[in-house]
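K.L.:
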Amino acid sequence: MFIDSVELTLSSGRGGAGAATFRREKFVINGGPDGGDGGRGGDVFFRVDRNSHTLSSFRGLKQLKAKNGENGLNSKKHGKKGEDLEVPVPPGTQIIDSESGKVLFDLIDDNEKVLFLEGGLGGLGNWHFRSSTNQQPRYAQKGLEGKSALVRLELKLIADIGLVGFPNVGKSTLISVVSNARPEIANYEFTTLTPKLGVVNVDDFNSFVMADIPGIIEGASDGRGLGLEFLKHIERTKFLLFMLDITNQRSLEEQFETLKFELDRFSKKMTNKKFAVAVTKTDAVNQEEANDKISSFFDSLNVSGNKNLKYGLSDNLLSYLKDEDKKDDIPFIIPISSAANLNIKALIFALNDILQEAKNEKAHSY
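The opening position of the sequence shown corresponds to residue 1 in the numbering used here, with each subsequent residue numbered one higher.
Spelled out as structure tokens, the structure:
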């Protein structure tokens, strides 16, 4: 089961009470106070665990609490500190205050560990309160209570490439062909009910992570369909691949504009996110019809077809790869067919080049 949002009450441990004891030892007359301090309560930490991919381990849990500190003992013995609570979360988890909605932590890096709640201080034993006027103090401090907080954990998947498209456009088929992911594939809408991640191996040295997001429909930004619940995962991706179905009753232009509109309405972060376009299922129509539709789509975006064979593109269908001197923002528009393995390798190489270029730009910026 995929769970990407849970609400929990987290509590640190209470401090142990100090001891109110007196030294009682043979041949020692009227031994003074020797009560030890209470141990500190356990702290609450969050730790990023790359081996976990969902929040399903928290399913059914309402509260998690660190251990209390132990009470102090005689002979000035300090009580044991309470055991810390370490909460493992998958990369991409945000810790959000349930009352204010403020994002407290945004946990991304593997093994990143942050202190969330400190345990309560242990109480002082009675030996701290001895004085010339009070040589037999019979009281000690109680330990302080721990802290509690109601938080919401939200997982936003981290992927290099996010697939965006209407239901049943071939997203699941593509990710199953190019990666180790095995999503459900069927000829009806919304077969993908939860996001799926797949690792795409380019060669012996390069790979990237692709995310298959449930299909977006018109009105998704207003809560229609399944897309809204998972649109937040696209915010994490470095690059978007719009997948447009050439067999759909909507034109390629209409599909593209609708998807862009829904993403932009959902979050302004989407407006500036880089993207490319894959025209899917091109094996299902004849070449002339496919070229007419793709050519019309090129015209709507004010780009021209380019049979650049840098990636071994098919000669039979119009495609567009941006030349270095072109100023438009779309690096490529490529016709593909996952079922017929048309231009799949070219797509992988093109995506990898974009990611490598972005990585190099980031390295030079430091």
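From the three backbone atoms N, C-alpha and C, an ideal C-beta is built for every residue, glycine too. Here the structure is a predicted model, which is why all the values come from computation and not from measurement.
1. Would you report the Cα separation of Gly-312 and Lys-102, rounded to the nearest angstrom?
2. What are the uninterrupted segments assigned as beta strand (DSSP E) that are 3 or more residues long and contained completely in the segment 10-67, given in chain order?
3. Who are the near neighbours of Glu-189 in its chain, counting only those whose CB is closer than 6 Å to its CB and skipping five residues on each side?
4. Report the partner residues of Glu-161 according to the DSSP bridge assignment.
5. In its own chain, which residues sit with a C-beta less than 8 Å from the C-beta of Lys-345, not counting the 5 before and 5 after it?
6. For the beta strand (DSSP E) holding Lys-196, just list the boundary residues, first then last.
7. With distances taken between CB atoms, is the gap from Ser-11 to Gly-146 smaller than 7 Å?
8. From Leu-107 to Arg-24, what does the alpha carbon distance come to, in whole angstroms?
9. Taking its Cβ as the centre, do 16 or more other Cβ atoms sit within 10 Å of Ser-296, making it buried, or is it exposed?
10. Measuring alpha carbon to alpha carbon, tell me which of Met-243, Asn-316, Ile-246, Arg-47 ends up nearest Asn-111.
11. Pull the bridge partners of Tyr-320 from the DSSP assignment, please.
12. Within 8 Å, do at least three Cβ pairs link the segment 76-92 to the segment 141-158?
13. In its own chain, which residues sit with a C-beta less than 6 Å from the C-beta of Ala-149, not counting the 5 before and 5 after it?
14. State the start and end residues of the unbroken beta strand (DSSP E) segment that holds Arg-152.
15. Could you compute how far the alpha carbon of Ile-185 sits from the alpha carbon of Ala-66?
16. Of the choices Leu-64, Asn-74, Gly-72, whose alpha-carbon is the least far from that of Glu-86?
17. Under 8 Å, with one C-beta from each stretch per pair, do the segment 345-356 and the segment 204-212 reach the 3-pair mark?
18. Between which residues of its own chain and Gly-41 is the CB-CB distance below 6 Å, once the five residues before and five after are set aside?
19. State yes or no: is the C-beta of Ser-98 within less than 7 Å of the C-beta of Val-151?
20. By Cβ distance, which residues of its chain are closer than 7 Å to Asp-109, with the 5 residues on each side in sequence left out?
21. Among Phe-239, Ile-294, Asn-71, Lys-293, which has the Cα closest to the Cα of Lys-274?
22. For Gly-32, tell me which candidate among Ala-20, Gly-60, Gln-255, Val-114 has the shortest Cα-Cα distance.
23. Given a cut-off of 7 Å on the beta-carbon distance, is the pair Gly-39 and Gly-125 in contact?
24. DSSP state of Ser-251, grouped into three classes?
25. So is Thr-271 buried or exposed if we call it buried at 16+ other beta carbons inside 10 Å?
26. Using DSSP with H/G/I as helix, E/B as strand and the rest coil, what is Ser-267?
27. So if DSSP puts Leu-342 in a beta bridge, which residue, or which two residues, is it bridged to?
28. Determine the DSSP secondary structure at Gly-178, reduced to helix, strand or coil.
29. Determine the closest residue to Pro-439 out of Asp-329, Ser-300, Gly-162, Ser-52, with distance taken between C-alpha atoms.
30. Which one or two residues does DSSP pair with Gln-287 in a beta bridge?
31. Can you give the beta carbon distance from Ser-337 to Asp-283, rounded, assuming they're within the 8 Å contact cut?
32. What are the residues that DSSP puts in a beta bridge with Leu-244?
P.N.:
Let me spell this out:
1. Whole-angstrom Cα-Cα distance: 48 Å.
2. Within the segment 10-67, the runs of beta strand (DSSP E) at least 3 residues long that lie entirely inside it are, in chain order, 44-48, 63-65.
3. Interpretation of Glu-189 is limited by its pLDDT of 41, a score under 50 that renders its predicted location unreliable; no figure is taken from the coordinates.
4. Residue identity differs from the one stated: residue 161 is Ile in this sequence, not Glu. As a beta-bridge residue in DSSP terms, Ile-161 pairs with Met-210, Phe-239.
5. Contacts found: Tyr-311, Gly-312.
6. If you look at Lys-196, you'll find it in the beta strand (DSSP E) that goes 196-201.
7. Going by C-beta atoms, Ser-11 is nearer than 7 Å to Gly-146.
8. Spanning the alpha carbons of Leu-107 and Arg-24 requires a straight line of approximately 53 Å.
9. With fewer than 16 other Cβ atoms within 10 Å, it is exposed.
10. Of the candidates Met-243, Asn-316, Ile-246, Arg-47, the one whose C-alpha sits nearest the C-alpha of Asn-111 is Arg-47.
11. Residue pairing from DSSP places Tyr-320 in a beta bridge opposite Ile-333.
12. Result yes; three or more Cβ-Cβ pairs closer than 8 Å.
13. Hits under 6 Å: Leu-10.
14. Its beta strand (DSSP E) spans residues 148-155.
15. Any answer about Ile-185 is weak, because its pLDDT of 44 lies below 50 and its placement is not dependable; what the coordinates show is given next. Taking C-alpha positions only, Ile-185 is separated from Ala-66 by approximately 44 Å.
16. Answer by Cα proximity: Leu-64.
17. In short, these stretches touch, since the Cβ pair count reaches three.
18. These residues qualify, in order along the chain: Ser-12, Gly-13, Arg-14, Gly-15, Asn-68, Gly-69, Gly-82, Gly-119, Gly-120, Gly-146.
19. For the pair Ser-98 and Val-151, the CB atoms are nearer than the 7 Å cut-off.
20. The beta carbon of Asp-109 sits closer than 7 Å to the beta carbons of Val-48 from its chain, once the five residues preceding and following it are set aside; these are given in chain order.
21. Among Phe-239, Ile-294, Asn-71, Lys-293, the Cα nearest to that of Lys-274 belongs to Phe-239.
22. Looking from the CA of Gly-32, the closest CA among Ala-20, Gly-60, Gln-255, Val-114 belongs to Ala-20.
23. Contact flag unset, no.
24. The answer is coil: DSSP assigns Ser-251 none of H, G, I, E or B.
25. The residue is exposed, with fewer than 16 neighbouring Cβ atoms inside 10 Å.
26. Three-state result, Ser-267: coil.
27. Partner(s): Ser-337.
28. First, the amino acid is wrong: residue 178 is Val here, not Gly. For Val-178, the secondary structure class from DSSP, reduced to helix, strand or coil, is helix.
29. Nothing can be reported for residue 439, as the shown portion of the chain is limited to 1 through 366.
30. Answer is none; Gln-287 lacks a bridge partner.
31. 4 Å between Cβ atoms; contact.
32. According to DSSP, Leu-244 bridges with Val-279.
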